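Just below is one structure, and these are the notes that go with it.
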Amino acid sequence: MSIRPGTALQYFSVALAFLGIVTPILLGLWQTMMPAFGILPAIGAMTPNLHAWRTLFALPGVGTSLRLTLFVGFVSTALSLAFAVAFCASMHGRIAARRAERLLAPLLAAPHAALAIGVAFLIAPSGWLVRIVSPWASGWTTPPQATTIHDPAGWALIFGLMIKEIPFFLLVIVAALDQIAVRQQIAMARALGYGRGVIWIKVVLPQVYRQIRLPVYAVLAFTLSVVDVAIILGPSNPPVLSVAAMRWFTAADVDLLLPAAAAAILQIGVVAGGVLIWWTGEHIVGAVGRWVVRRGGRGMRSEPLIRLASLAAATLMAVGLSAIVSLFVWSVAWRWTFPDSLPSAWSLTGWSRSAAGWSSALLDTVLLGILSTLISAVAAILWLEGEDRSGRRLPAAATALIYLPLMAPQIAFLYGLQVVSLQVGLDGLWASVLWGHVLFVFPYIMLALGDPWRALDPRYARAAAALGVSPMRTLILVKLPLLLRPLLAATAIGFSVSVALYLPTLFLGAGRISTLTTEAVTLSSGGDRRIVGVYAFLQALLPMLAYAAALGLPRRLFSNRRDLNGDAS
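Heads up: the sequence shown begins at 0 in numbering that gives the first Met the number 0, then just goes up one per residue.
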C-alpha cells in the first residue's frame, strides 16, 4: 500500500520532532529518576530504595526551600494575574492593541536574567532607587543596612518575577479579548448601572480566563521551578528548591548527587501539585463568584481598588523599563559614588576591559540563537505543512508531547540529559548545547506559528494548485509570504528564548560553552557591576533587536501593500 506524499511528510516531521525532543527528554527524566530511587547500574545497585529521599529530607533547609518555592510561585502568579486584569479593566478601550504590544515589547523581549540583574541594580541598598532619594529625602549618606535582595522571605524574587510576568499576562489577555464582544457587553452593563470594575470581574474575566488558563498554568510552572532569576534575586540560604537541586548537582561532593536527583524529581511533584492546587482554587473561586453574581450589587466600591491595582501594575512595568536602562548606565559608569544619582564620570572601560570575554560569549549566543531558531522554524514548517498536505491533525495528546519541555521543570531532566550525552561521548560539545536550545525553541515557535498557519485561508493553496503550481512552490511563493509577519514574530520569540536559556547551556555544555546568560548569572553573584552591566545589557539588547526586525521588516518589504484591515502588511 502506497503512502500519500502529504502523509509521508507528516510522518517524517512528527518522527523528527519525537526523536529529537520527546525521546531525549524522557531519557533525561529516566536517568534522573534512577539515582533518585537507588538504581545505579554503574555500581551494580539495581534494587530500588529510598536512600536518596531520606538523605534529601535530612539535609538542612529542605523544608524551608520547599515552602519558599510554593510561596514564591503562588504569590507571584496570583498577584501578576490580578494586576494585569486590573490594568486591562482600567485601560481597555484607551490604548489600541497594536500600540500596547509595541509598548510591552521591551519587557517581553528582555530575558528574565537580564531583567532580574537590572532590578537588582535598582532595589539594592546602594541601588539607583535609593540613590535618587538620597540624601535629600532619605537622609542616607551611606547605603542603608537593609536586605532588599536575597531576602529570606523571597519578596525580591516575587517582585522580579512580577515585572516580567505582568506584561506576558497583558499580552495574552489582549489576545483573548479579540475573541469576545467586550465593547458591547461593557456598554450593556454600564447602561444597567454597573461599575467598570465589577463588569470586568463578573462579565469579562470569566470569559477571558477560559482562554488564558493554559498560559496561567505555564507561568505557575515556571515560577515554581525558576533557577536563573532565583539565583540573582532569591533567598540564598536556603534557596528555593530548584536552585538547591542545581547546587547539589554541580557540587564537588559526589554524595550530593543522590539527594540532588531526588530533589529534581520532587520538583516535578511540586509543579504538578501546584497546578492541581491552582485548578482546585479555580473551582472554589468559581463557586464563590457565582454566589456573588446571584447576590447582585453594582460594585461601585471596587473602582478605587481596581485603580490602585492598575497603578501598581503600571509602576512595576515602569520599574522594569528602568531596570533595562540601569543596565546600560552601569555599563558606561566609571565613577559612581553613593549617594550620587548619576555617575560623576563616564567611560567605556567596562566594555573594553571585558571585550575578550563578552565578544566570545556574544558570538556563541548569536550563533546558538540563529541556528536553533532556524532549525526549529524549519521543523515547525515541516510539521504544519505536513498537516495541510495530509488533511488531518494528530490527536491533541500526541501534539501536547512536543510542549513537554515547557511544562516539565528543566532541572528534572537536564541532569539526566547530561548523563546521556556523557555516555554517548557528546558531553560539553557545542553541538550538544545547540540541540539543547532546539528542545526549548521548537515548542515556542510551534505555539507562536501554529494558530496563524492553521487560520490561513486554504483557498490560496487550492488556487495555486489549480494553476499547476507544485506544493513546494506553493509553500515558498504563496504561504510563506502571506505568513511572513507571524513567521518573523515566531522566529523573534525563538531567538529570544535561545538567548535566555541558562540551565541547558550550563548542563549540556558542561561549563565549557559560555553565553551572555551564563556569564551574566555567574557574575551577578559578586562581580564588578560595570562588567555585569555589559553582559546583561547585551543579553537584553539581542532579543529587542530581533523583535524590532520582526516588526519592521514586513513594513519595509510590503510598504506598497495593505491588508484587509488597512494596515501595512
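Quick reminder that beta carbons are idealized off the backbone N, C-alpha and C, glycines included.
None of the values given here were measured: they were computed from a predicted structure.
Quick check on residue i: does DSSP put it in helix, strand or coil?
{"i": "Trp-345", "result": "strand"}
{"i": "Trp-333", "result": "strand"}
{"i": "Leu-505", "result": "helix"}
{"i": "Leu-191", "result": "coil"}
{"i": "Leu-39", "result": "strand"}
{"i": "Gln-409", "result": "helix"}
{"i": "Arg-209", "result": "helix"}
{"i": "Pro-470", "result": "helix"}
{"i": "Ile-148", "result": "coil"}
{"i": "Thr-141", "result": "coil"}
{"i": "His-111", "result": "helix"}
{"i": "Asp-339", "result": "coil"}
{"i": "Val-226", "result": "coil"}
{"i": "Val-365", "result": "helix"}
{"i": "His-91", "result": "coil"}
{"i": "Val-253", "result": "helix"}
{"i": "Leu-500", "result": "coil"}
Since residue i and residue j are thought to touch, with beta carbons under 8 Å apart, how far apart are those beta carbons, to the nearest angstrom?
{"i": "Leu-219", "j": "Trp-277", "result": "6 Å"}
{"i": "Ser-523", "j": "Pro-408", "result": "Actually they do not touch by this definition, with Cβ atoms about 22 Å apart."}
{"i": "Thr-516", "j": "Pro-110", "result": "6 Å"}
{"i": "Ile-492", "j": "Ile-444", "result": "7 Å"}
{"i": "Pro-258", "j": "Leu-58", "result": "6 Å"}
{"i": "Thr-348", "j": "Trp-335", "result": "13 Å between Cβ atoms; not a contact."}
{"i": "Gln-210", "j": "Ala-175", "result": "4 Å"}
{"i": "Ile-165", "j": "Leu-310", "result": "Contact doesn't hold; Cβ gap of about 13 Å is too wide."}
Would you decide whether residue i is buried or exposed? Buried here means 16 or more other CB atoms lie within 10 Å of its CB.
{"i": "Gly-60", "result": "exposed"}
{"i": "Glu-518", "result": "buried"}
{"i": "Gln-144", "result": "exposed"}
{"i": "Thr-146", "result": "exposed"}
For residue i, I'd like the list of residues in its chain whose CB is within less than 7 Å of its CB, leaving aside the five on either flank, ordered along the chain.
{"i": "Ala-488", "result": "Ala-447, Ala-549"}
{"i": "Leu-403", "result": "Val-21, Ile-24"}
{"i": "Ala-261", "result": "Ala-35, Ala-51, Trp-52, Leu-55"}
{"i": "Gly-565", "result": "Because Gly-565 sits at a pLDDT of 42, beneath the cut-off of 50, its placement in the model cannot be relied upon, and the following sentence gives the value as read from the coordinates. Closer than 7 Å at Cβ, skipping near neighbours: no residue."}
{"i": "Asp-527", "result": "none"}
Could you pull out every residue in the same chain whose Cβ sits closer than 6 Å to the Cβ of residue i, ignoring the five residues on either side in sequence?
{"i": "Glu-386", "result": "Arg-392"}
{"i": "Trp-199", "result": "Ala-88"}
{"i": "Gly-117", "result": "Ala-322, Ile-323, Ser-325, Leu-326"}
{"i": "Arg-555", "result": "none"}
{"i": "Leu-160", "result": "Ser-75, Thr-222"}
{"i": "Arg-265", "result": "In the sequence on display, residue 265 carries Leu and not Arg. Counting only Cβ-Cβ distances below 6 Å, and skipping sequence neighbours, we find nothing."}
{"i": "Val-432", "result": "Thr-504, Leu-507, Gly-508, Ile-512"}
{"i": "Ser-133", "result": "Trp-139, Pro-338"}
{"i": "Asp-252", "result": "none"}
{"i": "Ile-157", "result": "Val-71, Val-74, Ser-75"}
{"i": "Ile-283", "result": "none"}
Report all residues from its chain with a CB closer than 8 Å to the CB of residue i; omit the five preceding and five following residues, and keep chain order.
{"i": "Leu-121", "result": "Trp-127, Leu-128, Val-318, Ser-321, Ala-322, Ser-325"}
{"i": "Arg-195", "result": "Ala-88, Ser-89, Ile-185, Arg-189, Glu-302, Ile-305"}
{"i": "Pro-457", "result": "Asp-387"}
{"i": "His-149", "result": "Ala-155, Leu-232, Gly-233, Pro-234, Ser-235"}
{"i": "Val-181", "result": "His-91, Val-203"}
{"i": "Val-226", "result": "Ser-241, Val-242, Met-245, Gln-409, Ile-410, Tyr-501, Leu-502"}
I'd like to confirm something about residue i: is its beta-carbon nearer than 7 Å to some heavy atom of the ligand SAM, or not?
{"i": "Ala-35", "result": "The model depicted lacks the ligand SAM and carries no ligand whatsoever."}
Discussion item. Contact between the stretch 371-381 and the stretch 433-448 is defined here as three or more beta-carbon pairs at a separation below 8 Å; is this criterion met?
Written reply: With the rule of 3 Cβ pairs closer than 8 Å, the stretch 371-381 counts as touching the stretch 433-448.
Worksheet entry | the stretch 81-90 touching the stretch 480-499, judged by at least three CB pairs closer than 8 Å | Inter-segment contact for the stretch 81-90 and the stretch 480-499 is absent: fewer than three beta-carbon pairs are separated by less than 8 Å.
Discussion item. Using 8 Å as the cut-off, can you tell me whether the stretch 234-248 makes contact with the stretch 66-74, which would need three or more C-beta pairs spanning the two stretches below that distance?
Written reply: Judged by Cβ distances under 8 Å, the stretch 234-248 makes contact with the stretch 66-74, as three or more pairs qualify.
Worksheet item: Is the stretch 498-510 touching the stretch 453-471, taking contact as three or more C-beta pairs under 8 Å?
Response: Because the criterion of three Cβ pairs below 8 Å is not met, the stretch 498-510 and the stretch 453-471 do not touch.
Worksheet item: Is there contact between the stretch 532-550 and the stretch 349-368, where contact requires at least three CB pairs shorter than 8 Å?
Response: In short, these stretches touch, since the Cβ pair count reaches three.
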